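Residue numbers (my numbering): 62 to 266.
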């Protein structure tokens, strides 16, 4: 009896293993694993092979300061455009026959676009680089000043302020990252947070 039971167990074990192997073979045929293809698609570049001159930390002092001044100037203009719009309320109310509530629409739309746009542009800058986004943002931001000055009604002003706020948001959300790209942490971290409440940050060696 014991021998018969052992034979049955062995037989079942053999059949079970064979069945598992068959299922595994069928699965591999149906869903082939392309490990080799995945490895071929991935290209890793060792840091030692990168050109040292292309690293932002190795830029010349002149180039670093040029980038810093231009980026921070954009931030200054964007911040000024946020509230300088309010100085035109009286002239808009007079020339376009607006109420005070209608005149402040441009301020609200600017801030709305200013707050929402970075949710999308941040990913764009990481994928394609900051320079293309800077160029497009500065161009749109500047052109919208002309559009606002020549606007015949409040609807055109509101649309222009939305575009201007969306473009101007890059001047606030990306500048800190730009500074971090070209200066070493020990050069900007102790001083950069003091900029909003003190004088313009001074980056020292």
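Positions of the beta carbon are idealized from the N, C-alpha and C atoms, including for glycine. No experiment lies behind these values; they were computed from the predicted model shown.
Residue burial classification, residue 139 (beta-carbon count within 10 angstroms, cutoff 16): buried
Touching by the beta-carbon criterion (3+ pairs, under 8 Å), the region 167-174 and the region 218-232: yes
8 Å Cβ shell around residue 159 - same chain, five flanking residues per side excluded: 153, 215
Contained alpha helix (DSSP H) runs [length at least 4] in the region 183-229, N- to C-terminal order: 191-210, 215-229
Per-residue DSSP class, three states only, for residue 128: helix
Residue 127 classed as buried or exposed, judged by whether at least 16 other C-beta atoms fall within 10 angstroms: exposed
Same chain only: Cβ atoms within 6 Å of residue 66, ignoring 5 sequence neighbours per side: Annotation note: pLDDT 46 at residue 66 (below 50); position unreliable, no value reported.
Selection from 232, 204, 146 that minimises the alpha carbon distance to residue 170: 146
Residue 194 vs residue 185 beta-carbon contact at 9 Å: yes
Rounded C-alpha distance that separates residue 125 from residue 211: 37 Å
Neighbourhood of residue 134 by C-beta distance below 8 Å, restricted to the same chain and skipping five residues each side: none
C-alpha distance - residue 155 paired with residue 239, whole-angstrom precision: 42 Å
Nearest neighbour of residue 227, chosen from 204, 245, 188, 213 [CA to CA]: 204
Cβ shell of residue 68 (< 7 Å), same chain only, five flanking positions each side left out: Reliability fails at residue 68, whose pLDDT of 49 lies under 50, so the model's placement of it is uncertain and no value is given.
Collapsed DSSP secondary structure at residue 165 in the structure displayed: coil
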